[in-house]
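Those sequence lines, one after another, are chains P and R. No gaps in the numbering here: position 154 of the first sequence is 154 in this note's numbering, and each next residue is one more. No gaps in the numbering here: position 1 of the second sequence is 1 in this note's numbering, and each next residue is one more. Quick reminder that beta carbons are idealized off the backbone N, C-alpha and C, glycines included. Notes for the one structure printed next.
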Amino acid sequence: LEARLEAADLFKKVVEAIKDLVQHCNFDCNDSGIALQAMDNSHVALVSMMLTADTFTPFRCDRNIPLGIDLTSLTKVLRAAQSSDILTIKSEDAPDVVNLVFEGKDQDRISEYDLKLMDIDQEHLGIPDTEYAATASMPAADFKRICSDLLLISEAVSIECTKEGITFKAEGDIGNGSVTLRQHSDLENSDKNVDISLTEPVALSFSLKYLTGFCKATGLSNQVRLCLSNDVPLMVEYALANNSYLRFYLAPKIGD
Amino acid sequence: GGRQAGITNFYARS
Numbered sequence: 001l002e003a004r005l006e007a008a009d010l011f012k013k014v015v016e017a018i019k020d021l022v023q024h025c026n027f028d029c030n031d032s033g034i035a036l037q038a039m040d041n042s043h044v045a046l047v048s049m050m051l052t053a054d055t056f057t058p059f060r061c062d063r064n065i066p067l068g069i070d071l072t073s074l075t076k077v078l079r080a081a082q083s084s085d086i087l088t089i090k091s092e093d094a095p096d097v098v099n100l101v102f103e104g105k106d107q108d109r110i111s112e113y114d115l116k117l118m119d120i121d122q123e124h125l126g127i128p129d130t131e132y133a134a135t136a137s138m139p140a141a142d143f144k145r146i147c148s149d150l151l152l153i154s155e156a157v158s159i160e161c162t163k164e165g166i167t168f169k170a171e172g173d174i175g176n177g178s179v180t181l182r183q184h185s186d187l188e189n190s191d192k193n194v195d196i197s198l199t200e201p202v203a204l205s206f207s208l209k210y211l212t213g214f215c216k217a218t219g220l221s222n223q224v225r226l227c228l229s230n231d232v233p234l235m236v237e238y239a240l241a242n243n244s245y246l247r248f249y250l251a252p253k254i255g256d
Numbered sequence: 001g002g003r004q005a006g007i008t009n010f011y012a013r014s
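Right under this line is the structure:
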């Protein structure tokens with residue numbers, strides 16, 4: 001494997017966004033890119049990351065290799081990379097370590113780290129291609145704000161999506177709160193758009209603890225996409241350049 | 001707030 005990123009920033013932010021949800025995971029490398037799928041310890045949420053080969057310049061991976069990595073250790077190593085550094089990830093065929101090289105843009109500093117790998121026997125879940133009943137895209141910062149505000153009211157949020165908009169409702173001991181985002185196209189700045197597409201109305205409840213955790217990915221993308229169908233996990237997607245993505249799946253709370 | 005479902009209730013191990 002040899003994968004070179006123009007800016008370490010992307011990889012630093014991806015790892016930062018998932019390290020509190022999952023501790024040890026395999027980065028599955030093959031000729032299509034670097035993928036990761038892992039459940040949190042309580043098996044309520046799932047993270048799925050894809051960094052496509054096109055994300056890297058260049059990308060080379062001759063055979064499939066899983067790189068079992070302790071994300072806490074990886075975070076320590078990535079602290080040594082400045083956001084603008086060129087990052088190269090390298091590994092041999094049957095690796096004991098993954099090699100990370102950080103180069104300053106002006107090429108007068110090269111840092112090189114070897115991170116020990118672990119054998120991780122990871123369960124892999126099959127996520128079927130799903131036609132979601134409702135898809136809502138919104139500014140990632142707005143979603144983060146809504147989740148953190150409602151977490152102060154309750155540990156759960158009900159998300160209701162209709163043609164009129166998407167509503168987040170929390171009911172707590174101190175009272176209730178709700179936030180509605182209506183469909184909205186900002187001609188000046190499409191990052192501010194709220195776009196809803198719906199085949200049938202959806203109403204589901206989710207844990208805000210998990211949702212606020214997913215929002216650690218906010219810096220990766222201007223927009224976040226929520227995909228919902230009744231009685232299936234919510235998908236929260238941060239789309240990245242070159243068809244790469246960071247997706248979180250969260251099982252709903254179900255009625256008594 | 002209801003009972004928290006598990007992700008493996010929806011997606012099978014592959």
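- Query: Measuring CA to CA, which of S83/P, D54/P, T72/P and S91/P is closest to D62/P?
  - Reply: For the residues S83/P, D54/P, T72/P and S91/P, the minimum Cα distance to D62/P belongs to S91/P.
- Since D9/P is in the alpha helix (DSSP H), which residue starts that stretch and which ends it? DSSP places D9/P in the uninterrupted alpha helix (DSSP H) bounded by D9 to I18.
- Message: Residues of chain R with CB closer than 9 Å to the CB of S148/P, please, in chain order.
- Response: The contacting residues do not exist; S148/P stays about 17 Å from chain R at best.
- Task: Spell out whether any CB of chain R is found under 9 Å from the CB atom of M39/P.
- Result: Judged by the 9 Å Cβ criterion, M39/P is in contact with chain R.
- Who are K192/P's beta bridge partners in DSSP? For K192/P, which the question treats as bridged, DSSP gives no partner whatsoever.
- Message: Give me, in chain order, the residues of the same chain whose beta-carbon lies closer than 7 Å to that of S244/P; leave out the 5 immediate sequence neighbours on both sides.
- Response: Excluding sequence neighbours, S244/P sits near M50, L51, T52 and T55.
- Task: Can you give me the start and stop residues for the alpha helix (DSSP H) that S148/P sits inside?
- Result: S148/P -> alpha helix (DSSP H) spans A140 to L151.
- Message: Assuming contact is defined by CB atoms lying nearer than 9 Å, are E103/P and I86/P in contact in what I supplied?
- Response: With a cutoff of 9 Å on beta-carbon distance, E103/P and I86/P are scored as near each other.
- Query: Which full runs of the beta strand (DSSP E) of 3+ residues lie inside the region 66–128 of chain P, going along the chain?
  - Reply: Fully enclosed beta strand (DSSP E) runs of 3 or longer: 86–90, 97–103 and 110–116.
- When you compare only the Cα positions, how much space is there between V202/P and E171/P? Taking the CA atoms as reference points, V202/P sits about 18 Å from E171/P.
- Task: Answer with yes or no whether the minimum CB distance from P128/P to chain R is below 9 Å.
- Result: True, the Cβ-Cβ gap to chain R drops below 9 Å.
- Segments assigned beta strand (DSSP E), at least 3 residues, entirely inside the region 201–243 of chain P: Whole beta strand (DSSP E) segments, 3+ residues: 202–207, 223–228 and 234–239.
- D16/P to Q4/R, Cα distance in whole Å? Residue 16/P is actually Glu in this sequence, not Asp. Cα-Cα distance, rounded: 26 Å.
- Message: Just verifying my parser: in three-state terms, what is the DSSP assignment at I254/P?
- Response: If DSSP states are grouped into helix, strand and coil, I254/P belongs with the strands.
- Item | Length of the line joining the Cα atoms of E131/P and N230/P | If I take the Cα positions, the gap works out to 11 Å.
- With DSSP as the reference, label N64/P as helix, strand or coil. DSSP places N64/P in coil when its eight states are reduced to three.
- Is the beta carbon of V44/P less than 9 Å from the beta carbon of L250/P? With respect to L250/P, V44/P sits close: the two C-beta atoms are nearer than 9 Å.
- For N26/P, which option in R60/P, K116/P, A81/P and F206/P has the closest C-alpha, if you only look at C-alpha atoms? From the listed residues R60/P, K116/P, A81/P and F206/P, the smallest Cα separation to N26/P is found for K116/P.
- Item | Same chain, Cβ closer than 6 Å to R182/P, five either side skipped, listed in chain order | So the qualifying residues of the chain are G165.
- Where A8/P and A133/P are concerned, what is the direct C-alpha to C-alpha distance, given to the nearest angstrom? Cα to Cα, the separation comes out at about 36 Å.
- So with Cβ pairs under 9 Å, would you call Y245/P a contact of chain R? False, the Cβ-Cβ gap to chain R never drops below 9 Å.
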